[in-house]
Every structure is written in structure tokens, then in C-alpha cells.
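Shown next, in C-alpha cells, is the structure this report addresses.
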Amino acid sequence: MFTGIVEELGEIAKIEPLGDSARLTIRGPLVVEDAVHGASIAVNGVCLTVVDLTGDAFTADVMKETLDRSSLGALEPGSPVNLERPVRLSDRLGGHLVQGHVDGVGRVLAREPGERWEVVTISLPADLARYVVDKGSITVDGVSLTVVEAGDDRFSVSLIPATLDLTTLGRKGPGEPVNLEVDVVAKYVERMVGARS
1 MFTGIVEELG
11 EIAKIEPLGD
21 SARLTIRGPL
31 VVEDAVHGAS
41 IAVNGVCLTV
51 VDLTGDAFTA
61 DVMKETLDRS
71 SLGALEPGSP
81 VNLERPVRLS
91 DRLGGHLVQG
101 HVDGVGRVLA
111 REPGERWEVV
121 TISLPADLAR
131 YVVDKGSITV
141 DGVSLTVVEA
151 GDDRFSVSLI
161 PATLDLTTLG
171 RKGPGEPVNL
181 EVDVVAKYVE
191 RMVGARS
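The sequence shown lines up with residues 1 to 197 when you count with full-length UniProt numbering.
As C-alpha cells, then:
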């Protein structure tokens, strides 16, 4: 489990295509400090398993399914990525419960700058719209955010200066893909209510 509070802006150091998968090497000095083989690290909201550690970087294998269903397949060497280690049970839950399981990919539609912040509008796959509500939680590229306004095919979020400076969301332009994870509680509630109908 993660919280959607990005710890570090890392960088893709190397991508090794392996047919139906890829091996990513990701530079992230903070998240590798206490990482071990087999540890989980969220990369742009995708939970990956550490298979190797070298200096300030870790390597993870990414299957075709993940490359096809997330924005990780669009990364290239030098791409910035949001990194987060899993939450410890003794830690504060600063964002919301995030699994690191991407539900879909949206695209940045528009950015409206404010004096010190921005409202960003993101496309929303139709099958996820029922889980996104005004003032609800959503994870965008691994960042826990509050939905400002939810529609049938889009939603908007407000980004504070820290989010703009310390995550990939300050750099994503219109048309660029972002990983989306809806609030898992909403999915469980839907399943339980549906079972009673």
C-alpha cells in the first residue's frame, strides 16, 4: 500500500526491451536508501518490484500487460518519474489508500494557471467515471489528489506549488498520458451494494 505522497522525483536511467516485457533502471537515491531485492516502489503510481540495486538506482521488470495498461510504455531514458516507497503501518496516512494498481490512462486536456497554483483537466475513461466524484480522492501518476470537478469523460484537480515543483504533474503538457487509480473504497462499495441487488 502507498499513500500517494511522492517522496522523490526520479529519472529513467535505462530501458531494456525484452520482447513481451521491459527492464527499467530508475535513478532515485532516496527510495533506494533502504530498498532490498523484492521491495516494492511505486513509479508514476505503478507498483514495481525491485530486482536489482546499483548505487543510486534500482531495476524493475515490467510485463507487457503493465506497459499496455499504463503510461510506463511511453517513458524513455531521461523521463522524470514520481517515486514512493510503501507506507509502513506505523506511518501517518498523508494522502489516501493507494494500491499502485493502475485502473486506466488519462490525458492532460488543459492547464489553467492561477497566481501560485494550477487547475489541470484530465480525460477520464468512461468505465472509471462512476468512481470519480467532486471532492473525492484520485491518484494521478502516483500523486494523491482531490477532485475539484468530476464529469462523464473528464475531471479537474488543483495543484499547489509543492506538487507543481516536486512531481511530474508540474511538467505534463496537454496530450501527455497520466496513470489513474480511482479510490479503491468506491470499487468495494459498488461490489458490495451490487451483490445485494
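Ideal Cβ placement from N, Cα and C applies to all residues, glycine included.
All values reported here derive from a predicted model rather than from experimental measurement.
Here V32 is not near G142, since their CB atoms are 9 Å or more apart.
Under the three-state reduction of DSSP, P113 is assigned to strand. Between V105 and S70 the beta-carbon gap is near 6 Å, inside 8 Å, which marks them as a contact. The continuous alpha helix (DSSP H) containing T163 extends over residues 161-166.
At least 9 Å separates the beta-carbon of A126 from that of D91. Beta-bridge analysis with DSSP links L53 to F58. A residue is called buried once 16 or more other Cβ atoms fall within 10 Å of its Cβ, and V189, having fewer, is exposed. By alpha-carbon distance to E181, the top candidate from H96, V148, K14, R171 is H96. Excluding five sequence positions before and after A22, the CB atoms of its chain that fall closer than 7 Å to its own CB belong to I15, E16, V62, L67, given in chain order. Fully enclosed beta strand (DSSP E) runs of no fewer than 3 residues occupy 8-17, 21-27, 40-43, 46-54, 57-63, 80-84 of the UniProt domain "Lumazine-binding" (1-96), in order along the chain. By the neighbour-count definition (other C-beta atoms within 10 Å, threshold 16), E65 is an exposed residue. A57 counts as buried, since no fewer than 16 other beta carbons sit within 10 angstroms of its beta carbon. The alpha carbon of H101 has as its nearest neighbour, out of L48, R191, T25, the alpha carbon of L48. DSSP, reduced to helix, strand and coil, places L124 outside both helices and strands of the structure shown, so it counts as coil.
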